[in-house]
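**Student:** Quick note, the sequence shown lines up with residues 0 to 194 if you use numbering that gives the first Met the number 0.
Ideal Cβ placement from N, Cα and C applies to all residues, glycine included.
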Amino acid sequence: MSMITVLGAGNVARALVPALSAAGHDVRTGTRGTLADAAAGAEVVVNALPGAVSLEVLRGLAPVLAGAVLVDVANPVEIGPDGFASRLLHANLAAAIQDALPRTRVVKALNTVGPAPLMAAPASLGTPPSTFLCGDDPAAKRVVAGLLADLGWRPEWIVDLGGVANAWWPESFALMVRPLIGALGPVPFALAVAR
């Protein structure tokens, strides 16, 4: 099992930490002031920080993240007064993180699933969901796919979209959340690829 650090203390961290621990991983959390200590020595680091601050914070952690797999689940959005994403703050957050941390292996995943508890309980949806992997390192994507399996994601639900340059596609999904909730109500959701 892996040593995993989850950066952040919000809904995503609260969903993933107990699920990854239950799967047998050694999981630490890092919040403001303890991020570098928590990330030091981790094989896998999950970016569960708000997308608006992710790049700045992770850039400061570059030395301790060297060699690690970074699972980026953040959406790079500005939150409007209604609590929904109003615009993207980066054209591609995952690619910007990879550029800022060239010695870290960045993989985008899980950012199209909501609310956060579904990330660790994908089978609870009536329709099989999809999650998307974007990253330049095939071995890192295999590590992330293994962690997703530990969270209940079946292999056929994981879609590899290629390199980190393609992460802007799933990141853009955040802008659809407001109209989806307007149409469907506050129900759990995830993208699903029918094939």
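What residues in its chain sit with their C-beta under 8 Å from that of Gly113, if we drop five residues either side in the sequence?
**Tutor:** The residue labelled residue 113 in the question sits at position 114 within the sequence shown. Result list for Gly113: Val176, Pro187, Phe188, Ala189, in chain order.
**Student:** Do the CB positions of Glu170 and Asn74 come within less than 8 Å of each other?
**Tutor:** Translated into positions along the sequence shown, residue 170 becomes position 171. Translated into positions along the sequence shown, residue 74 becomes position 75. Against a cut-off of 8 Å, the Cβ pair of Asn74 and Glu170 comes out as a contact.
**Student:** So His89 and Leu54 are supposed to be a Cβ contact under 8 Å. How far apart are they, rounded?
**Tutor:** The sequence position of residue 89 within the sequence shown is 90, counting from 1. The sequence position of residue 54 within the sequence shown is 55, counting from 1. Indeed, because the Cβ distance is near 7 Å, the residues count as touching under 8 Å.
**Student:** Compute the Euclidean distance between the alpha carbons of Pro17 and Ala95, then round it to the nearest angstrom.
**Tutor:** Here residue 17 refers to the residue found at position 18 when the sequence shown is read from its first residue. Here residue 95 refers to the residue found at position 96 when the sequence shown is read from its first residue. Their backbone Cα atoms lie some 29 Å apart in a straight line.
**Student:** How about Ala41 and Ala67: are their beta carbons less than 8 Å apart?
**Tutor:** Mapped onto the sequence shown, residue 41 falls at position 42. Mapped onto the sequence shown, residue 67 falls at position 68. Yes, these two residues count as a Cβ contact at 8 Å.
**Student:** Going straight from the alpha carbon of Ser85 to that of Val44, what length do you get?
**Tutor:** Residue numbering aside, residue 85 sits at position 86 when the sequence shown is read from its first letter. Residue numbering aside, residue 44 sits at position 45 when the sequence shown is read from its first letter. Rounded to whole angstroms, Ser85 to Val44 spans 28 Å at the Cα level.
**Student:** Determine the extent of the alpha helix (DSSP H) in which Leu147 is found, giving its start and end residues.
**Tutor:** By one-based count along the sequence shown, residue 147 stands at place 148. Unbroken alpha helix (DSSP H) run through Leu147: 137-149.
**Student:** Ignoring anything shorter than 4 residues, give me the alpha helix (DSSP H) runs that lie fully in the region 46-122, in order along the chain.
**Tutor:** Fully enclosed alpha helix (DSSP H) runs of 4 or longer: 50-59, 61-64, 92-99.
**Student:** Would you check if the region 74-83 and the region 128-147 touch, i.e. whether three or more CB-CB distances between them fall below 8 Å?
**Tutor:** No, the region 128-147 does not touch the region 74-83.
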